[in-house]
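A.B. asks: Would you mind keeping the following structure in view while I ask a few things?
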Amino acid sequence: MLAPVLLLAITATAAPADLVAAAAASSRPEECRGASTWHPGASKSIWTTARAPELLSYCRWLARANARLASDPAGAASAAEAAAKLLPSRAAPKVVLGRIAFAQGKTAEALKRFDEALALDPRSIEQPLAMHDLARTRTAAGKLTDALGTYRLLAPRVSLLPNRQARARALLEAAHVALAAPTPDATTAQRQVQEALAYLRQAQRDPHQPLRRDITLSLVLALDRAGRRPQADAVLAELRTSGTSTDDEQARSYLVVKAEGHLFRALIAERRDAEMARAAYDQYLAEVPSGAYAETARARRARLAPKRDRRRRRRGR
Numbered sequence: 001m002l003a004p005v006l007l008l009a010i011t012a013t014a015a016p017a018d019l020v021a022a023a024a025a026s027s028r029p030e031e032c033r034g035a036s037t038w039h040p041g042a043s044k045s046i047w048t049t050a051r052a053p054e055l056l057s058y059c060r061w062l063a064r065a066n067a068r069l070a071s072d073p074a075g076a077a078s079a080a081e082a083a084a085k086l087l088p089s090r091a092a093p094k095v096v097l098g099r100i101a102f103a104q105g106k107t108a109e110a111l112k113r114f115d116e117a118l119a120l121d122p123r124s125i126e127q128p129l130a131m132h133d134l135a136r137t138r139t140a141a142g143k144l145t146d147a148l149g150t151y152r153l154l155a156p157r158v159s160l161l162p163n164r165q166a167r168a169r170a171l172l173e174a175a176h177v178a179l180a181a182p183t184p185d186a187t188t189a190q191r192q193v194q195e196a197l198a199y200l201r202q203a204q205r206d207p208h209q210p211l212r213r214d215i216t217l218s219l220v221l222a223l224d225r226a227g228r229r230p231q232a233d234a235v236l237a238e239l240r241t242s243g244t245s246t247d248d249e250q251a252r253s254y255l256v257v258k259a260e261g262h263l264f265r266a267l268i269a270e271r272r273d274a275e276m277a278r279a280a281y282d283q284y285l286a287e288v289p290s291g292a293y294a295e296t297a298r299a300r301r302a303r304l305a306p307k308r309d310r311r312r313r314r315r316g317r
């Protein structure tokens with residue numbers, strides 16, 4: 001468990017350029033650091049190269065694979081496969097292939113490749129971008145406990161992700177995984193709620209990234225789940241009075257429970273359109289009639305009911 005105190009040390013604001021550069025450089029595995037071009041001062045000696053003559057070619061293929069990940073997935077895959085043929089016992093090519101498969105929506109293949117890499121070297125997915133892809137792959141595969149463990153490892157390194165949106169999104173994803181991951185008892189469930197709150201509070205510290213509305217709405221849900229309704233209402237009121245738009249629909253692929261999108265719409269509509277809010281709560285409860293948010297959704301919906309209906313319910317008691 002990553003303690004909230006440690007989570008508060010996560011840096012979600014802009015990372016220094018040298019740290020971002022270091023993160024990018026770390027996509028080179030240990031065996032390739034200094035091996036791409038040998039010179040007398042290189043960290044890999046000529047004797048290392050002599051003992052493994054295929055190492056230079058392996059590292060060059062791997063560098064090509066990493067360079068083409070975003071722009072040419074097919075070329076990156078070919079380069080990674082070439083590297084794997086040269087040194088089949090190395091994990092790095094499988095990490096690249098896992099990342100490519102994830103980007104292409106091939107969750108099962110991505111998970112297989114990442115698992116193969118980790119079996120060869122448990123430290124093979126320490127680079128933040130690769131770790132983020134592993135976390136998202138595990139989430140997509142429904143392995144929420146494993147995904148949460150990966151996000152806990154990523155959280156202290158989140159400042160090494162390439163831009164503020166990527167950093168905020170990683171923390172937002174981590175929060176929703178913490179809220180959705182199964183727990184053995186109520187105490188553990190509350191700890192994970194507190195963990196989610198810590199991720200969201202940290203993400204909220206950067207007011208200029210484009211996911212601030214989603215972070216705020218997620219914070220309201222987490223506060224509701226923690227039993228802190230007055231705070232949840234206060235956060236929601238701030239959102240309604242801020243200049244942040246609440247009308248446009250954003251893609252919410254970070255939601256582990258997709259029905260929670262109905263809760264977002266309900267929260268946005270609560271004061272502006274009670275009928276719309278009630279309909280959104282009804283949609284959520286139809287899809288998720290029980291569980292973590294069902295009780296709070298019913299309570300919020302009840303507060304929106306016309307006074308006449310509330311009097312009728314009181315008389316029925």
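When we follow the numbering used here, the leftmost residue of the sequence shown carries the number 1, and every step to the right adds one.
All C-beta atoms in this analysis are idealised placements derived from N, C-alpha and C, irrespective of residue type, glycine included.
Predicted model, so just to flag it, every value in this text is computed and none were measured.
Select from Thr150, Ala186, Ala67 the residue whose C-alpha is nearest the C-alpha of Pro122.
C.D. replies: Taking the first residue of the sequence shown as 1, we reach residue 122 at position 122. Checking every option, the nearest Cα to that of Pro122 belongs to Thr150.
A.B. asks: Could you tell me the distance, in whole angstroms, from the CA atom of Ala265 to the CA atom of Ala277?
C.D. replies: Numbered from its first residue, the sequence shown carries residue 265 at position 265. Numbered from its first residue, the sequence shown carries residue 277 at position 277. The question names Ala, but residue 265 in the sequence shown is Arg. Cα to Cα, the separation comes out at about 7 Å.
A.B. asks: Can you list, in chain order, the residues of its chain with a C-beta nearer than 8 Å to that of Gln165? Leave out the 5 residues immediately preceding and following it.
C.D. replies: On the sequence shown, residue 165 is found 165 positions in, with the first residue counted as 1. Result list for Gln165: Gln209, Pro210, Leu211, in chain order.
A.B. asks: Tell me the DSSP secondary structure of Tyr199 in three-state form.
C.D. replies: Position 199 of the sequence shown, counted from the first residue, corresponds to residue 199. Tyr199 falls in the helix class under three-state DSSP.
A.B. asks: Please classify Thr137: is it buried, with 16 or more other beta-carbons within 10 angstroms of its beta-carbon, or exposed?
C.D. replies: Numbered from 1 along the sequence shown, position 137 holds the residue referred to as residue 137. By the neighbour-count rule (16 or more Cβ atoms within 10 Å), Thr137 is buried.
A.B. asks: Give me, in chain order, the residues of the same chain whose beta-carbon lies closer than 7 Å to that of Ala101; leave out the 5 immediate sequence neighbours on both sides.
C.D. replies: Sequence index remark: in the sequence shown, residue 101 carries index 101 (1-based). These residues qualify, in order along the chain: Glu109, Ala110, Arg113.
A.B. asks: What do you reckon, are the CB atoms on Val177 and Ala147 nearer than 8 Å?
C.D. replies: Within the sequence shown, numbered from 1, the residue matching residue 177 stands at position 177. Within the sequence shown, numbered from 1, the residue matching residue 147 stands at position 147. Result yes, Cβ atoms of Val177 and Ala147 sit closer than 8 Å.
A.B. asks: For Pro29, does the count of other Cβ atoms within 10 angstroms reach 16, so buried, or fall short, so exposed?
C.D. replies: As a first step, residue 29 must be located in the sequence shown, where it is residue number 29. Result: buried.
A.B. asks: In or out: Lys94 buried (at least 16 other Cβ within 10 Å) or exposed?
C.D. replies: Here residue 94 refers to the residue found at position 94 when the sequence shown is read from its first residue. The residue is buried, with at least 16 neighbouring Cβ atoms inside 10 Å.
A.B. asks: Taking Cβ to Cβ, would you say Leu179 is nearer than 8 Å to Ala222?
C.D. replies: Counted from its first residue, the sequence shown places residue 179 at position 179. Counted from its first residue, the sequence shown places residue 222 at position 222. Yes, Cβ-Cβ distance for Leu179 and Ala222 is below 8 Å.
A.B. asks: Leu219 and Leu267 - do their beta-carbons sit closer together than 8 Å?
C.D. replies: Numbered from 1 along the sequence shown, position 267 holds the residue referred to as residue 267. Numbered from 1 along the sequence shown, position 219 holds the residue referred to as residue 219. Not closer than 8 Å, so no.
A.B. asks: Would you mind reading off the limits of the alpha helix (DSSP H) that contains Gly98?
C.D. replies: In the sequence shown, counting from the first residue as 1, residue 98 sits at position 98. Element bounds for Gly98: 92 to 103.
A.B. asks: Once you ignore the five residues that flank Gly75 on each side, which residues in its own chain have a CB closer than 7 Å to its CB?
C.D. replies: Counting from 1 along the sequence shown, the entry for residue 75 is found at position 75. Here the set comprises Arg68.
A.B. asks: Is Ala70 helix, strand or coil when you go by DSSP?
C.D. replies: Numbered from 1 along the sequence shown, position 70 holds the residue referred to as residue 70. Three-state result, Ala70: coil.
A.B. asks: Do Leu97 and Ala77 have their CB atoms nearer than 8 Å?
C.D. replies: If you number the sequence shown from 1, residue 97 lands on position 97. If you number the sequence shown from 1, residue 77 lands on position 77. Closer than 8 Å, so yes.
A.B. asks: To the nearest angstrom, report how far apart Ser253 and Leu200 are at their CA atoms.
C.D. replies: In the sequence shown, residue 253 corresponds to position 253, counting from 1. In the sequence shown, residue 200 corresponds to position 200, counting from 1. Looking at the two C-alpha atoms, the distance is approximately 16 Å.
A.B. asks: Go through its chain and collect everything with a Cβ distance to Ala318's Cβ below 6 Å, but skip five positions before and after it.
C.D. replies: In this structure the chain extends from 1 to 317, so residue 318 is not present and cannot be described.
A.B. asks: What separation, rounded to the nearest whole angstrom, lies between the Cα atoms of Ala203 and Thr216?
C.D. replies: The residue given as residue 203 occupies position 203 in the sequence shown. The residue given as residue 216 occupies position 216 in the sequence shown. The straight-line gap from Cα to Cα measures roughly 10 Å.
A.B. asks: In whole angstroms, give me the CA-to-CA distance for Val158 and Ser124.
C.D. replies: Counting from one through the sequence shown, the residue named residue 158 turns up at place 158. Counting from one through the sequence shown, the residue named residue 124 turns up at place 124. Looking at the two C-alpha atoms, the distance is approximately 17 Å.
A.B. asks: Just to confirm the assignment, what range does the alpha helix (DSSP H) spanning Pro128 have?
C.D. replies: As a working note, residue 128 is residue 128 in the sequence shown. Segment 128 to 140, the alpha helix (DSSP H) holding Pro128.
A.B. asks: Just to confirm, are Ala79 and Ala70 a CB contact at a threshold of 8 Å?
C.D. replies: As a first step, residue 79 must be located in the sequence shown, where it is residue number 79. As a first step, residue 70 must be located in the sequence shown, where it is residue number 70. For Ala79 and Ala70, no; Cβs fall outside 8 Å.
A.B. asks: Can you tell me whether Pro128 is buried or exposed, with buried defined as 16 or more other CB within 10 angstroms of its CB?
C.D. replies: Stepping through the sequence shown from its first residue, residue 128 is reached at position 128. That one is buried.
A.B. asks: So, helix, strand or coil for His176, using DSSP?
C.D. replies: Within the sequence shown, the letter at position 176 stands for residue 176. Note: His176 maps to helix in three-state DSSP.
A.B. asks: Please determine, among Ala232, Ala259, Leu197, Ala168, the residue with the shortest C-alpha to C-alpha distance to Pro207.
C.D. replies: The count along the sequence shown starts at 1 and reaches residue 207 at position 207. Among Ala232, Ala259, Leu197, Ala168, the Cα nearest to that of Pro207 belongs to Ala168.
A.B. asks: Taking 6 Å as the limit between beta carbons, can you name the residues of its chain near Arg270, skipping five residues before and five after?
C.D. replies: Looking up residue 270 in the sequence shown gives position 270. This sequence places Glu at residue 270; Arg is not what is there. Counting only Cβ-Cβ distances below 6 Å, and skipping sequence neighbours, we find Ala277.
A.B. asks: I'd like to know whether the C-beta atoms of Ala196 and Ala175 end up nearer to each other than 8 Å.
C.D. replies: Position 196 of the sequence shown, counted from the start, is the residue given in the question as residue 196. Position 175 of the sequence shown, counted from the start, is the residue given in the question as residue 175. Yes, the pair counts as a contact, with Cβ atoms nearer than the cut-off.
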